[in-house]
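Here is the structure we will look at, set down as structure tokens.
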Amino acid sequence: MPNDRVAVPIDEQDLQFLRDQTIIDPDYLDRFRPRKDGDGLSGEFTLDDLDDFLGALAYEINHAEEKRSERRFVAIYDWLQEVERTHLKKGTPGER
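Just so we're aligned, residue 1 is where the sequence shown starts under my numbering, counting upward by one.
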């Protein structure tokens, strides 16, 4: 189960925000590629990697200097956590 693969969708603005505003491992951010349907981006993660990614986002939330940035981090975190939860319940990620 920790090595299950999860397709994680994200929009381009959120990915760019993470690139510009975080110290998250670039390996995680570089996984996102355009989706085949042309609607945003998607990256493949194991459940362990997704959990690590969420931990890195939690760090950013706790150390955000601006409320606006903190709110955006929280929104991205909540979305990714929902993708993880959906996968664990049904075996498939949600749509954003």
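We put the beta carbon where it would ideally sit given N, CA and C, even for glycine.
Whole-angstrom distance between residue j and residue i, CA atom to CA atom
| i | j | result |
| --- | --- | --- |
| A58 | Y77 | 7 Å |
| R35 | G55 | 25 Å |
| T92 | E82 | Here the model assigns T92 a pLDDT of 49, short of 50, so the residue's position is not dependable, and the following value carries that caveat. Each residue's Cα considered, the two are about 11 Å apart. |
| I23 | A64 | 12 Å |
| I61 | R71 | 8 Å |
| R33 | L41 | 5 Å |
Start and end residues, beta strand (DSSP E) containing residue i
| i | result |
| --- | --- |
| I61 | Premise fails: I61 lies in the alpha helix (DSSP H), L47 to H63, not in any beta strand (DSSP E). |
| I10 | R5 to I10 |
C-beta contact flag for residue i and residue j at 8 Å
| i | j | result |
| --- | --- | --- |
| L15 | F53 | no |
| E84 | L50 | yes |
Neighbourhood of residue i by C-beta distance below 8 Å, restricted to the same chain and skipping five residues each side
| i | result |
| --- | --- |
| E95 | Confidence at E95 is low in this model, with a pLDDT of 47, below 50, so its placement is unreliable and the value that follows should be read with caution. So the list reads P9, once near-sequence residues are dropped. |
| E44 | R5, V6, A7, V8 and R31 |
Own chain, CB closer than 6 Å to residue i, minus 5 neighbours either side, in chain order
| i | result |
| --- | --- |
| D4 | L47 |
Chain-order list of residues whose beta-carbon lies under 7 Å from that of residue i (same chain, five-residue window excluded)
| i | result |
| --- | --- |
| L98 | Not covered by the structure: residue 98. The range shown for the chain is 1 to 96. |
| S69 | Q21 |
| F73 | L57, E60, I61 and A64 |
Boundaries (first-last residue) of the alpha helix (DSSP H) holding residue i
| i | result |
| --- | --- |
| K90 | K67 to K90 |
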